[in-house]
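Colleague:
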Amino acid sequence: MGATANSPLNALIDLAALRANFAIFRRAAPRAKILAVVKANAYGHGVLPVVRALNRADGFAVARLEEAIELREAGVIHRIVLLEGVFSIAQLRLARAHRLDLVLHDTTQLDMLEAEPAGGGDLWVKIDTGMNRLGFRPEHVLDVQARLRALPQSSSTIRLMSHFARADDDAAMTAQQTERFLGSHRRWSEASGGAPESSLANSAGALLWPTSHGDWIRPGIGLYGASPCGSRAAAEFGLTPVMTLQSAVIAIRNVATGESVGYGATWRASRPSRLAIVAAGYADGVPRHLPSGAPVLIDGRRAPLAGRVSMDMIAVDVTDLPETKVGSPVVLWGRGLPVDEVAAAAGTLAYELLCGVGRRTVFEYVDESHTTTTRAE
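Our numbering applies: residue 233 is where the sequence shown begins, and numbers increase by one.
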């Protein structure tokens, strides 16, 4: 399927591929529950269609309160975990009203619970095992436990969690983080007389580190078919791209040897050349710093980017693809051209490309038997 009749640019979202990727994580950690990470509009894929397609998940995780409320107001009844917790008493009240689980990672959040201890969803205590971003240091875990146990009439289930910094590329650090987490979990269990459920593994942890699976895994980028491990392609894990960003050729230009194209005249023809102008630019999420030579897929064949990415257009050297014409389909990333490869050419990560798709893009959701079309929010 190419660009729609109403727009030359669209993002095809394959919900069957999404579920197939989810199944890979089920097989990788068969004894663990899955908390599917759908923050940032499901990594740019559209949170409501993604959540509905993943209705067999055991819960969903988002970063911000407004993301969780959007899901509740859309009728989502699954467990929803706020990965950053709340930042005010007003937010705490809203979170409770919407039956949200809270991650606790700072003493100010404990202060809020002590100020308003009644009711609410479950609590996830985050332990900082080496990420040095959010969480309580392991040596403070029992202090946190004591404060939570002192809350009057607290009936919330408490779980422990942490987050890997380099599960994709550093075995020593990952093993160290795992040991710190397991040690903290052991001390908590001994002090409380019971073992709380645990969550440590992200996408890379789930696929590469079975000892980190615990009771809950939290796949994110891998669900969407990008690689969670920079040194290995997504296909090596069996993951399939969910988003294919597509456009079309809107003009063909013939340029003589020595002529340039685009802003800054950074690309010059080394031979008589034929260029395809494609309706996609940095306003649509194609990185402005994507260099000449980066791959673009036209009519299913690779061709190199020529010159700077403009706001609305790119030029592609199709001198060696004489069949290319106005209307030829173009893939910026997705099926046939992994988003990880394009991201690497731009010196960034797949996360940034997927989350950065622009508002003009029309999203098409394909789910085997039917297709729905929406415009990006």
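Even glycine gets a Cβ: it sits at the ideal position worked out from N, Cα and C. No experiment lies behind these values; they were computed from the predicted model shown.
Leaving out the 5 sequence neighbours to the left and right, which residues in its chain are closer than 6 Å to G437 when beta-carbon positions are compared?
Modeller: F396, A399, S444, listed in sequence order.
Colleague: Can you pull the DSSP bridge partners for W499?
Modeller: For W499, which the question treats as bridged, DSSP gives the partners V493.
Colleague: Which residue from A488, R328, L392 puts its Cα closest to that of T361?
Modeller: Measuring from the Cα of T361, the nearest candidate turns out to be L392.
Colleague: Give me whichever residues DSSP pairs with I390 in a beta bridge.
Modeller: Its beta-bridge partners are L355.
Colleague: Applying the 10 Å Cβ sphere with the 16-neighbour rule, what's the burial state of V558?
Modeller: Exposed, because fewer than 16 other Cβ atoms sit within 10 Å of the Cβ of V558.
Colleague: Do G513 and I546 have their beta-carbon atoms positioned less than 8 Å apart in this structure?
Modeller: Taking 8 Å as the Cβ cut-off, I546 and G513 qualify as a contacting pair.
Colleague: Kindly list the residues whose CB is nearer than 8 Å to the CB of R381, restricted to its own chain and excluding five residues on each side of it in sequence; keep chain order.
Modeller: Answer for R381: S424, listed in chain order.
Colleague: Using the beta-carbon count (16 or more within 10 Å), is P451 buried or exposed?
Modeller: Counting Cβ neighbours within 10 Å, P451 comes out buried, since at least 16 surround it.
Colleague: Is it a yes or a no for the segment 326-333 touching the segment 281-300, going by three-plus beta-carbon pairs under 8 Å?
Modeller: These segments touch.
Colleague: Would G307 be called buried (16 or more neighbouring beta carbons within 10 Å of its own) or exposed?
Modeller: Exposed, since its Cβ has fewer than 16 Cβ neighbours within 10 Å.
Colleague: Give the DSSP-derived three-state secondary structure of R284 in the structure shown.
Modeller: Note: R284 maps to helix in three-state DSSP.
Colleague: Relative to the alpha-carbon of E555, which residue among V481, V563, R311, D572 has its alpha-carbon at the smallest distance?
Modeller: It is V481.
Colleague: Closest to M543 by C-alpha separation, out of D552, T498, V563, R592, would be which residue?
Modeller: Nearest option by C-alpha distance: R592.
Colleague: So, do the segment 487-495 and the segment 449-466 have three or more beta carbon pairs nearer to each other than 8 Å?
Modeller: Contact fails: fewer than three Cβ-Cβ distances are below 8 Å.
Colleague: Who are the Cβ neighbours of R520 in its own chain at under 6 Å, not counting the five residues just before and after it?
Modeller: So the qualifying residues of the chain are Y514, V541.
Colleague: Smallest Cα separation from L439: which of W448, N287, G454, A501?
Modeller: Checking every option, the nearest Cα to that of L439 belongs to G454.
Colleague: Report, in whole angstroms, the separation of the C-beta atoms of L432 and G517, which I expect to be a contact under 8 Å.
Modeller: Between G517 and L432 the Cβ distance is about 32 Å, and since that is not below 8 Å, they are no contact.
Colleague: Let's test the definition: count the other Cβ atoms within 10 Å of the Cβ of L250 and tell me whether it reaches 16, buried, or not, exposed.
Modeller: L250 is buried by the Cβ-count criterion.
Colleague: Taking its Cβ as the centre, do 16 or more other Cβ atoms sit within 10 Å of D375, making it buried, or is it exposed?
Modeller: Answer is exposed; the Cβ neighbour count stays below 16.
Colleague: Taking the continuous beta strand (DSSP E) assigned at I321, which residues delimit it?
Modeller: Looking at the DSSP string, I321 is not in any beta strand (DSSP E); the run it does join, the alpha helix (DSSP H), is 321-329.
Colleague: Could you pull out every residue in the same chain whose Cβ sits closer than 6 Å to the Cβ of G276, ignoring the five residues on either side in sequence?
Modeller: Excluding sequence neighbours, G276 sits near L586, C587, V589.
Colleague: Output the boundary residues of the beta strand (DSSP E) element that contains L267.
Modeller: Here the beta strand (DSSP E) through L267 covers 265-269.
Colleague: Quick one: grab the DSSP three-state call for F254.
Modeller: Note: F254 maps to helix in three-state DSSP.
Colleague: For H417 and G470, I'd like the C-alpha separation in whole angstroms.
Modeller: Near 32 Å, if we compare the C-alpha coordinates of G470 and H417.
Colleague: What are the residues that DSSP puts in a beta bridge with D549?
Modeller: According to DSSP, D549 bridges with L507.
Colleague: Where does I315 sit, in a helix, a strand or coil, going by DSSP?
Modeller: Note that residue 315 is Leu in the sequence shown, not Ile. Here L315 sits in coil by DSSP.
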